[in-house]
Amino acid sequence: MVETNVREYIGELVKRAKAAQKEFEKTYTDQAKIDEVVRAIGKTIYDNRSVLAKEACEETQYGTVKMKESKIVATTTSQWNIMRGKKSVGYIKNLRDEPGVKVMAKPMGVIGCVMPSTNPIITIAANGMMSIKCRNACIIASHPSAKNVSTKTVDMVRKAIAALGAPADLIQIVDAAHASIEATSELLSQCDCNIATGGPGMVKSVYSCGRPGFGVGQGNCQEIICEDWDDLEFMTTVAINNRSYDNGVPCTSEQTIHVPTAMEADFLKYMQKNGAYLIEGDELKDSLRKLVFPDGEHINRAVVGRSPQAVGEMLGIAVPETCKTLITKYSGSAEDDVLSREILFPLVRYVTYDKFEDTVAAAVANLEMEGAGHNSCIWTHNQDKIEYAANLLPVSRFQINQTPFGINNGMPTTSTLGCGTWGNNSISENLAWYHLMNTTRVSVTLKNRRTWKDGDWDDFGECPITED
1 MVETNVREYI GELVKRAKAA QKEFEKTYTD QAKIDEVVRA IGKTIYDNRS
51 VLAKEACEET QYGTVKMKES KIVATTTSQW NIMRGKKSVG YIKNLRDEPG
101 VKVMAKPMGV IGCVMPSTNP IITIAANGMM SIKCRNACII ASHPSAKNVS
151 TKTVDMVRKA IAALGAPADL IQIVDAAHAS IEATSELLSQ CDCNIATGGP
201 GMVKSVYSCG RPGFGVGQGN CQEIICEDWD DLEFMTTVAI NNRSYDNGVP
251 CTSEQTIHVP TAMEADFLKY MQKNGAYLIE GDELKDSLRK LVFPDGEHIN
301 RAVVGRSPQA VGEMLGIAVP ETCKTLITKY SGSAEDDVLS REILFPLVRY
351 VTYDKFEDTV AAAVANLEME GAGHNSCIWT HNQDKIEYAA NLLPVSRFQI
401 NQTPFGINNG MPTTSTLGCG TWGNNSISEN LAWYHLMNTT RVSVTLKNRR
451 TWKDGDWDDF GECPITED
């Protein structure tokens with residue numbers, strides 16, 4: 001039976017991965033040697049970025065070559081800078097208040113990595129580097145629409161790490177002949193831990209396969225402009241560049257922008273000046289809704305990752321080649337209007353507001369309908385408004401005076417954005433290499449360990465672990 005063949009095939013991959021991982025764990029106990037292998041993964045993909053970006057666009061039909069190449073550069077270099085020199089073997093820094101406890105890093109084993117069709121190369125780079133950093137092996141399950149370029153990427157990496165003397169089977173891929181939902185499901189059930197970067201269905205599969213895992217949530221970024229923001233030209237410039245990046249495929253890009261009514265005219269002026277094409281009129285807006293969500297709920301795959309000009313042609317309008325994104329105004333929120341959902345091509349929707357609290361409530365409603373746990377941002381110098389929105393918005397990332405795709409902050413760059421329980425995920429932060437290790441806590445006896453005191457039930461202060 002086919003099911004038996006798939007199970008045996010995946011079982012052989014996992015067997016080889018486990019053997020490679022055990023060898024790597026036993027022989028690579030020096031951090032510098034481990035980091036050499038990690039570097040080889042990133043540097044190989046970085047050096048071949050032009051051909052890989054081109055082939056990814058040709059195979060998936062998503063995004064642009066220039067932007068995919070840019071993402072490869074950003075991902076591989078930032079991952080390397082985040083990881084290099086950091087301890088992932090032996091004793092590592094104990095980040096908790098635990099007197100007398102030392103922490104030793106250990107591998108998880110074999111990591112199953114499920115890839116999206118929208119970002120196959122950078123996800124292989126990030127997951128591969130993170131896995132090997134902690135002396136794990138990883139097996140890639142590519143999206144069927146990106147299986148050829150994914151296989152080529154993994155083959156390049158295998159040769160690079162083998163040249164250093166590391167086991168090539170530290171990184172493997174489900175081959176093109178077996179790439180399927182059935183093979184991916186079988187892989188998830190056999191690996192020690194899994195990472196899913198993809199749609200809700202695949203993320204659900206990771207969390208229901210009986211193995212530990214990390215998934216992502218759906219994006220629906222809400223961007224709020226406050227009346228005190230004094231540089232609309234800058235804000236609109238970076239917003240358009242972000243929304244048009246790789247033809248709107250990144251899940252971190254702006255979806256709905258909330259604009260003070262008094263600033264609407266200037267906002268539109270700068271948006272159009274910087275490359276936005278305004279879609280007006282009820283009839284054209286209704287055509288847009290029907291094109292993007294034919295059944296009123298699910299996005300039309302034909303528009304995903306397509307240029308404003310291509311989508312304009314589908315609508316029967318000629319969008320100038322100089323335009324980077326489409327923009328339209330809508331008045332509803334959440335379930336009232338499908339335009340409040342996540343849309344993966346360059347289309348900015350905006351709403352106007354008179355009261356800040358009301359637009360925050362509308363943003364919350366949009367996120368609770370779709371995108372809870374993901375990200376949002378605000379443009380203001382008012383700390384009270386920052387705290388108000390940060391407290392109410394159900395997101396794991398809330399960025400101040402920067403685009404949601406920006407990397408000029410202290411959060412680790414990643415291709416897997418954990419969305420907490422809001423998004424049915426296990427973490428509410430960016431997935432990083434340190435999530436992919438087991439730890440052993442080595443503790444000694446504390447002679448001065450604090451014991452129970454009369455009156456402790458009436459003490460609400462922080463309790464010390466030790467006493468003099």
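Once you know that position 191 of the sequence shown is 191 in UniProt numbering, the rest is easy, because the numbers rise by one and skip nothing. Glycine included, C-beta positions come from ideal geometry on N, C-alpha and C. Since this is a predicted model, take the numbers as computed values, not measurements.
First through last residue of the alpha helix (DSSP H) which encompasses residue i
i    : result
C113 : Element bounds for C113: not the alpha helix (DSSP H) but the beta strand (DSSP E), 110 to 114.
Q79  : 65 to 83
L291 : 282 to 292
I122 : 120 to 133
K355 : Per DSSP, K355 belongs to no alpha helix (DSSP H) and is neither H nor E.
V203 : 200 to 207
N391 : 383 to 392
Q272 : 264 to 273
G420 : Element bounds for G420: n/a, residue is neither H nor E.
Rounded straight-line distance, which links the Cα of residue j to that of residue i
i    : j    : result
M108 : T184 : 19 angstroms
K285 : N300 : 16 angstroms
M1   : S180 : Only weak support exists for where M1 lies, its pLDDT of 40 falling under 50; the value from the coordinates is given anyway. When rounded, the distance between both Cα atoms is 15 angstroms.
E186 : V206 : 11 angstroms
Y416 : N430 : The question names Tyr, but residue 416 in the sequence shown is Thr. The straight-line gap from Cα to Cα measures roughly 6 angstroms.
A363 : S333 : 8 angstroms
Y434 : G373 : 21 angstroms
Q190 : N5   : 15 angstroms
S117 : G100 : 47 angstroms
D456 : E36  : 52 angstroms
S426 : A196 : 12 angstroms
L393 : L95  : 28 angstroms
L170 : E467 : 48 angstroms
S307 : Y245 : 10 angstroms
E23  : K15  : 13 angstroms
V338 : T256 : 12 angstroms
H298 : Q172 : 33 angstroms
E8   : E69  : 36 angstroms
E55  : P294 : 30 angstroms
K102 : A432 : 21 angstroms
Residue i and residue j closer than 8 angstroms at C-beta
i    : j    : result
I327 : V348 : yes
S142 : I407 : no
L344 : V442 : no
R243 : E254 : yes
T64  : N274 : no
M276 : T325 : Residue 276 is actually Ala in this sequence, not Met. Yes, they are a contact pair.
T440 : M104 : yes
A176 : K147 : yes
I72  : I45  : yes
V203 : N366 : no
V303 : V292 : yes
L288 : I279 : yes
L13  : I139 : yes
A160 : A20  : no
M437 : K18  : no
E368 : E342 : no
G420 : V216 : no
K385 : C226 : yes
Neighbour-count burial assignment, residue i, 16 or more Cβ in a 10 Å radius
i    : result
C57  : buried
C463 : exposed
I465 : exposed
Y62  : buried
V51  : exposed
N409 : exposed
A163 : exposed
M129 : buried
S150 : buried
P212 : exposed
G210 : exposed
T27  : exposed
F214 : buried
N- and C-terminal bounds of the beta strand (DSSP E) containing residue i
i    : result
I171 : 171 to 173
G90  : 90 to 92
Y62  : Per DSSP, Y62 belongs to no beta strand (DSSP E) and is neither H nor E.
K329 : 325 to 329
K159 : From DSSP, K159 is part of no beta strand (DSSP E) but of the alpha helix (DSSP H) over 147 to 163.
V103 : 101 to 107
Y245 : Taken as a continuous stretch (DSSP letters only), Y245 belongs to no beta strand (DSSP E), as it is neither H nor E.
S443 : 437 to 443
F398 : 395 to 400
Y277 : 276 to 278
P308 : Segment 308 to 315 is the alpha helix (DSSP H) holding P308; no beta strand (DSSP E) there.
Evaluate the contact criterion for the stretch 116 to 136 versus the stretch 75 to 91: three or more CB pairs, one atom per stretch, below 8 angstroms. Contact holds: three or more Cβ-Cβ distances are below 8 angstroms.
Evaluate the contact criterion for the stretch 209 to 226 versus the stretch 375 to 391: three or more CB pairs, one atom per stretch, below 8 angstroms. Cβ pair count under 8 angstroms is three or more, so yes.
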